[in-house]
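Okay, so here's the structure we're looking at.
Protein chains: 2
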Amino acid sequence: MALIVQKYGGTSVGTIERIKNVAAKVKSYVDQGHHMVVVLSAMAGVTNSLIELAHQISPDPDPRELDVLMATGEQQSVALFGMAARDLGMTARSLLGFQAAILTDRMFGRARINHIATERIRDLLTRGRVVVVAGFQGVDEDTGDVTTLGRGGSDTSAVALAGALNAEVCEIYTDVEGVFTTDPNVVPAARKLKQICYEEMLEMASLGAKVLDIRSVALAAKFGVKVHVRSTFTDREGTMVVPETHIDEKLMVSGVAYNKNEARIKVLGVPDQPGVAMKLFTPISQAGIVIDVIIQNTSADGATDLTFTVPKTDFDRAMGLIKEIAPQIGARDVKGDTNIAKVSIIGIGMRNHAGVATKMFTTLARENINIQMINTSEIKISCVIDEKYTELAVRALHDAFGLAEESAPAAEEVA
Amino acid sequence: MALIVQKYGGTSVGTIERIKNVAAKVKSYVDQGHHMVVVLSAMAGVTNSLIELAHQISPDPDPRELDVLMATGEQQSVALFGMAARDLGMTARSLLGFQAAILTDRMFGRARINHIATERIRDLLTRGRVVVVAGFQGVDEDTGDVTTLGRGGSDTSAVALAGALNAEVCEIYTDVEGVFTTDPNVVPAARKLKQICYEEMLEMASLGAKVLDIRSVALAAKFGVKVHVRSTFTDREGTMVVPETHIDEKLMVSGVAYNKNEARIKVLGVPDQPGVAMKLFTPISQAGIVIDVIIQNTSADGATDLTFTVPKTDFDRAMGLIKEIAPQIGARDVKGDTNIAKVSIIGIGMRNHAGVATKMFTTLARENINIQMINTSEIKISCVIDEKYTELAVRALHDAFGLAEESAPAAEEVA
Numbered sequence: 001m002a003l004i005v006q007k008y009g010g011t012s013v014g015t016i017e018r019i020k021n022v023a024a025k026v027k028s029y030v031d032q033g034h035h036m037v038v039v040l041s042a043m044a045g046v047t048n049s050l051i052e053l054a055h056q057i058s059p060d061p062d063p064r065e066l067d068v069l070m071a072t073g074e075q076q077s078v079a080l081f082g083m084a085a086r087d088l089g090m091t092a093r094s095l096l097g098f099q100a101a102i103l104t105d106r107m108f109g110r111a112r113i114n115h116i117a118t119e120r121i122r123d124l125l126t127r128g129r130v131v132v133v134a135g136f137q138g139v140d141e142d143t144g145d146v147t148t149l150g151r152g153g154s155d156t157s158a159v160a161l162a163g164a165l166n167a168e169v170c171e172i173y174t175d176v177e178g179v180f181t182t183d184p185n186v187v188p189a190a191r192k193l194k195q196i197c198y199e200e201m202l203e204m205a206s207l208g209a210k211v212l213d214i215r216s217v218a219l220a221a222k223f224g225v226k227v228h229v230r231s232t233f234t235d236r237e238g239t240m241v242v243p244e245t246h247i248d249e250k251l252m253v254s255g256v257a258y259n260k261n262e263a264r265i266k267v268l269g270v271p272d273q274p275g276v277a278m279k280l281f282t283p284i285s286q287a288g289i290v291i292d293v294i295i296q297n298t299s300a301d302g303a304t305d306l307t308f309t310v311p312k313t314d315f316d317r318a319m320g321l322i323k324e325i326a327p328q329i330g331a332r333d334v335k336g337d338t339n340i341a342k343v344s345i346i347g348i349g350m351r352n353h354a355g356v357a358t359k360m361f362t363t364l365a366r367e368n369i370n371i372q373m374i375n376t377s378e379i380k381i382s383c384v385i386d387e388k389y390t391e392l393a394v395r396a397l398h399d400a401f402g403l404a405e406e407s408a409p410a411a412e413e414v415a
Numbered sequence: 001m002a003l004i005v006q007k008y009g010g011t012s013v014g015t016i017e018r019i020k021n022v023a024a025k026v027k028s029y030v031d032q033g034h035h036m037v038v039v040l041s042a043m044a045g046v047t048n049s050l051i052e053l054a055h056q057i058s059p060d061p062d063p064r065e066l067d068v069l070m071a072t073g074e075q076q077s078v079a080l081f082g083m084a085a086r087d088l089g090m091t092a093r094s095l096l097g098f099q100a101a102i103l104t105d106r107m108f109g110r111a112r113i114n115h116i117a118t119e120r121i122r123d124l125l126t127r128g129r130v131v132v133v134a135g136f137q138g139v140d141e142d143t144g145d146v147t148t149l150g151r152g153g154s155d156t157s158a159v160a161l162a163g164a165l166n167a168e169v170c171e172i173y174t175d176v177e178g179v180f181t182t183d184p185n186v187v188p189a190a191r192k193l194k195q196i197c198y199e200e201m202l203e204m205a206s207l208g209a210k211v212l213d214i215r216s217v218a219l220a221a222k223f224g225v226k227v228h229v230r231s232t233f234t235d236r237e238g239t240m241v242v243p244e245t246h247i248d249e250k251l252m253v254s255g256v257a258y259n260k261n262e263a264r265i266k267v268l269g270v271p272d273q274p275g276v277a278m279k280l281f282t283p284i285s286q287a288g289i290v291i292d293v294i295i296q297n298t299s300a301d302g303a304t305d306l307t308f309t310v311p312k313t314d315f316d317r318a319m320g321l322i323k324e325i326a327p328q329i330g331a332r333d334v335k336g337d338t339n340i341a342k343v344s345i346i347g348i349g350m351r352n353h354a355g356v357a358t359k360m361f362t363t364l365a366r367e368n369i370n371i372q373m374i375n376t377s378e379i380k381i382s383c384v385i386d387e388k389y390t391e392l393a394v395r396a397l398h399d400a401f402g403l404a405e406e407s408a409p410a411a412e413e414v415a
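Those protein sequence lines, which keep their order, are chains A and B.
One point on numbering: in my numbering, the residue at position 379 of the first sequence is 379, and numbering is uninterrupted.
One point on numbering: in my numbering, the residue at position 5 of the second sequence is 5, and numbering is uninterrupted.
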């Protein structure tokens, strides 16, 4: 008998039938004697319809009121689930953000959870209730205003609840079977990982693998919450996201990720003197644009080239800003390219193994893929390449690191 | 400069365009320097869709969860209104039941307001905010569970807020221009009343005129709230619902109401002895069925006939119960009739005037309409008739009491 937090995403509760199926699934846990906290997203499509409604009324909807509107999606899910649960003989209690006491800051649309006051949930659990919490929403700690946590916020709700309640496990039910070595749409031989550690998952998530929201992974790491990513539609085990110390076999490379949502900006002939980078990047960050990779070429003639990437959606704004600043700092030219992709390999096993980068570069070279930029961290190596080679690069890397094999070679064997 | 509570019904906020129009209407009041509290219903159709959704998931939806679901309708309206308000330069704040501190009992689906803690609303008003309250909803005072006030509940929300805030007036905006002397669909010459007192409005509401929810009228009477029923779609004055003392001209008959939603049950040959009525009606009231009119014929042979009316929707259940009890108390037979209607005349002026009933009976007789049952109170007379004569009766009575005339004759003149 354990305390289990389960989160079901929008597809899992996308129809009346599916909500009933999820209720039946939860019942099988209740029947085994577990204490259950169920976190639900809005039914698939509802969130987008609400956003559309908001934009019909205003080109720039008031953020506070947008959260009030958005929160209704999850509210409807938990109410419907509560009804289905009762029909199956469970005594469920739905809780909205203010009732579950999910206390956040006041950043509407992307609020952060400050604290969860768990008294009410604990009390309901002791009284044998299935607690059904509306994901994605909270309330401003000071005013009680409704807030939402942003896209993927229900994952965060679930992990935060699991942490606050010290749950045995946080199960994230979704429409895929777990975390794969790479996108199975690109590499059909991609293999489901049994385990992955928080750090690897963070890199995977931030590099574009969309299984689990990145903030929820950071939160899980912070509180040591074991996260089980699995499919609503099968009973098969998924992928356990756990502390590094729990990993049985540390793979040198656990996965290959890619991201086509960035664009590159190149500032040519920048005078090689102190303060230039600051003048260039301060306006960009002040505009709220996140810069990912930056590289600076060594210069020969007292001038250098600065290249960096920004999200594709911010490309036009960033180009506008840079084109204004470039002449002021004496740069020669500015060039932009939106046809790029970032391909990355991730693995905690690579921490102490120098051969990994070389193998990656060799693999790409063998396919005649030119590397435009390189960025590395302790557990990942990213290369920016021409977008059209993305799938080719992913397949080649997946193959080169033997990720399709039943048990990929451990770090020791490869190094 | 006054504190004004305005309530807009589902039709008034039925589309994005209409919500914008309502926001513009509110702005014209703000521009005049008034403090504004706006209470909104769910957009037309939304409440019914939610009920349908609930019934798709369960034949008998959990009442607690049904309220959680239903409350999302008004939540969406206030959020959308808040966005529209900001675009017009107003600083609006939407408040849900728990935020507006509308504290109720725990009767899900038909909760009663116990108390409204107005501190937050007053604070927002002093800071120049337009306060936008989700109608129809509150929270259980003890647990904070979401409750709803039942159909027409937004009227109740508005009047209760106006009472608690001591507002100058509570304006109920709807899709009709006010309270009419009778249903204009039946009598095109029906006239809009300038004033009506609470007692008359109560009788009108409970007899089937659907302009204003009956509980909101009772509440208005209790707190002396002046209610202005008017149309969202014109600027014309509507009808003021006020204390009797404010009525300038006390009409003997202010209106003719009708109700086709009742059915009649007749128990024949009931032994004329003490306790029989109790045995008959106790099970009915225990089943939650509300009996309206009861009549008992004088008996000749030690047996009597008991006739009463129940809501049409409860007719089958009531018949079942009565058919079980009737043999036990020695009654001879039970007969039911669903083809009946109740036609009523209402007016505070009739209190001291005996001629009114006679005039009503004469009018119906002249049209060859048989009166099956009669029920009277101080300010109304109701006759149960064959349903098919409803419109005929309403027209004849409206005409006989001169209600179409620009200024109907006052009680003094007729008596």
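Beta carbons are placed, not taken as given, at the ideal position from N, Cα and C, and that holds for glycine.
(request) Leaving out five residues on either side along the sequence, give the residues of the same chain with a beta carbon under 6 Å from the beta carbon of Ser-94/B. (result) These residues qualify, in order along the chain: Val-78, Ala-79, Gly-82, Val-132.
(request) Spatial neighbours of Lys-20/B within its chain, please: CB distance less than 7 Å, with the 5 preceding and 5 following residues excluded, ordered by chain position. (result) Cβ neighbours of Lys-20/B within its own chain (closer than 7 Å, five residues either side excluded): Ala-84.
(request) Would you check if the stretch 209-228 of chain B and the stretch 157-177 of chain B touch, i.e. whether three or more CB-CB distances between them fall below 8 Å? (result) With a cut-off of 8 Å, the stretch 209-228 of chain B and the stretch 157-177 of chain B count as touching, because enough Cβ pairs lie within range.
(message) My output table needs one value for Pro-188/B: the three-state DSSP class, helix, strand or coil.
(response) Pro-188/B sits in coil when the DSSP states are folded into three classes, being neither helix nor strand.
(request) Measure the alpha-carbon distance for Leu-88/B versus Ala-23/B and round it to whole angstroms. (result) For Leu-88/B and Ala-23/B, the distance between alpha carbons rounds to 8 Å.
(message) The alpha helix (DSSP H) that contains Met-201/B, what's its start and end?
(response) Per DSSP, Met-201/B belongs to the alpha helix (DSSP H) from 198-206.
(request) Only counting runs of 3 or more residues, tell me where the beta strand (DSSP E) segments fall wholly within the stretch 374-402 of chain A, in order along the chain. (result) Runs of the beta strand (DSSP E) lying entirely within the stretch 374-402 of chain A and spanning at least 3 residues, in chain order: 380-386.
(message) Across the stretch 23-34 of chain B and the stretch 116-125 of chain B, are there enough close Cβ pairs to call them in contact, namely three or more that are closer than 8 Å?
(response) No, because fewer than three Cβ pairs between the stretch 23-34 of chain B and the stretch 116-125 of chain B fall closer than 8 Å, the two stretches do not touch.
(request) Classify Thr-143/A as buried or exposed, calling it buried when 16 or more other Cβ atoms lie within 10 Å of its own Cβ. (result) Its Cβ having fewer than 16 others within 10 Å, Thr-143/A is exposed.
(message) Considering Cα atoms alone, identify which of Asn-114/A, Leu-69/A, Arg-64/A is closest to Leu-50/A.
(response) For the residues Asn-114/A, Leu-69/A, Arg-64/A, the minimum Cα distance to Leu-50/A belongs to Leu-69/A.
(request) Note down, one range per segment and in chain order, each beta strand (DSSP E) of at least 3 residues found wholly within the stretch 293-377 of chain B. (result) If we require 3 residues or more, the beta strand (DSSP E) runs fully inside the stretch 293-377 of chain B come out as 294-296, 303-311, 333-337, 340-346, 373-377.
(message) Counting only C-beta atoms, is Gly-109/B closer than 8 Å to chain D at any point?
(response) Structure shown: chain D not included; protein chains present are A and B.
(request) With 8 Å as the limit, tell me which residues of the stretch 2-31 of chain B have their beta carbon closer than that to any beta carbon of chain A; keep them in chain order. (result) Per Cβ criterion, the list reads Ile-16, Ile-19, Lys-20.
(request) Could you check if Ser-285/B is buried or exposed, using at least 16 other CB atoms within 10 Å of its CB as the buried criterion? (result) Ser-285/B is exposed by the Cβ-count criterion.
(request) Could you check which residue in Met-278/A, Asp-272/A, Cys-170/A has the C-alpha nearest to that of Gly-238/A? (result) Taking only the C-alpha atoms, the option nearest Gly-238/A is Cys-170/A.
(message) If the cut-off is 9 Å on Cβ atoms, which residues from the stretch 85-102 of chain B count as contacting chain A, listed in chain order?
(response) Result list: Ala-85, Arg-86, Asp-87, Ala-92, Arg-93, Ser-94, Leu-96, Phe-98, Gln-99.
(request) Report the partner residues of Ser-231/A according to the DSSP bridge assignment. (result) Answer is Thr-174/A.
(request) Quick one: residues in its chain with C-beta nearer than 6 Å to the C-beta of Ile-214/A, no 5 flanking neighbours on either side, listed in chain order? (result) Result list for Ile-214/A: Ala-205, Ser-206, in chain order.
(request) Kindly indicate the opening and closing residues of the beta strand (DSSP E) around His-55/B. (result) DSSP places His-55/B outside any beta strand (DSSP E); the residue lies instead in the alpha helix (DSSP H), whose first and last residues are 46-57.
(message) Buried or exposed for Gly-45/A, going by 16 or more other Cβ atoms inside 10 Å?
(response) By the neighbour-count definition (other C-beta atoms within 10 Å, threshold 16), Gly-45/A is an exposed residue.
(message) Met-252/B and Met-350/B - do their beta-carbons sit closer together than 8 Å?
(response) In this structure, the beta-carbon distance from Met-350/B to Met-252/B falls below 8 Å.
(message) Give me the chain A residues within the contact set of Asp-418/B, using Cβ-Cβ distance strictly less than 7 Å, ordered along the chain.
(response) The displayed coordinates of chain B run from 1 to 415. Any statement about residue 418/B would go beyond what the structure contains.
(request) For Pro-190/A, I'd like the list of residues in its chain whose CB is within less than 8 Å of its CB, leaving aside the five on either flank, ordered along the chain. (result) According to the sequence as given, residue 190/A is Ala; it is not Pro. For Ala-190/A, same chain residues with a beta-carbon under 8 Å away, outside a window of 5 residues either side, are Phe-180, Thr-181, Thr-182, Asp-183, Pro-184, His-398, Leu-403, Ala-404 in chain order.
(request) Find the nearest neighbour of Ile-424/B within the set Gln-273/B, Val-270/B, Leu-268/B, Glu-262/B, judged by alpha-carbon distance. (result) Summary: the structure shown does not reach residue 424/B, with chain B confined to residues 1 through 415, and so no result is reported for it.
(request) Taking only the alpha-carbon atoms, compute the straight-line gap between Ser-157/B and Val-39/B and give it to the nearest angstrom. (result) The straight-line gap from Cα to Cα measures roughly 7 Å.
(request) Locate the beta strand (DSSP E) running through Gln-137/B, then write down its first and last residues. (result) Gln-137/B -> beta strand (DSSP E) spans 137-140.
(request) Check whether the Cβ atoms of Leu-202/B and Ser-254/B lie closer than 8 Å to each other. (result) Their beta carbons are not under 8 Å apart, which means Leu-202/B does not touch Ser-254/B by this criterion.
(message) Please tell me whether Gln-75/A has its Cβ less than 8 Å away from any Cβ of chain B.
(response) Yes - at least one Cβ of chain B is within 8 Å of the one on Gln-75/A.
(message) Considering just the uninterrupted stretch of the alpha helix (DSSP H) at Leu-125/B, what are its terminal residues?
(response) Taken as a continuous stretch (DSSP letters only), the alpha helix (DSSP H) holding Leu-125/B covers 119-126.
(message) Short of 8 Å Cβ to Cβ, which residues in the stretch 188-209 of chain A face chain B?
(response) Here the close residues number zero.
(message) Let's test the definition: count the other Cβ atoms within 10 Å of the Cβ of Lys-250/B and tell me whether it reaches 16, buried, or not, exposed.
(response) Buried is the call here.
(message) Taking a contact to mean a Cβ-Cβ separation below 8 Å, would you say Tyr-173/B touches Tyr-8/B in this structure?
(response) The answer is yes: Cβ separation under 8 Å.
(request) Give every residue of the same chain whose Cβ lies closer than 7 Å to the Cβ of Cys-197/A, excluding the five residues on either side of it in the sequence, and list them in chain order. (result) The answer, listed in chain order, is Val-242, Pro-243, Glu-244, Ile-247, Ile-348.
(message) Please give the ranges of any beta strand (DSSP E) in the stretch 52-101 of chain B, keeping only runs that are unbroken, at least 3 residues long and fully inside the region.
(response) With a minimum length of 3 residues, the unbroken runs of beta strand (DSSP E) contained wholly in the stretch 52-101 of chain B fall at 92-95.
(message) For Arg-395/B, which residues in the same chain have their Cβ closer than 8 Å to its Cβ, ignoring the five residues on either side in sequence?
(response) Taking Arg-395/B as the centre and dropping the five residues before and after it, the same chain places the C-beta of Val-186, Val-187 closer than 8 Å to its C-beta, in chain order.
(message) For His-246/B, list the residues DSSP reports as bridge partners.
(response) Under DSSP, His-246/B takes part in no beta bridge, so it has no partner.
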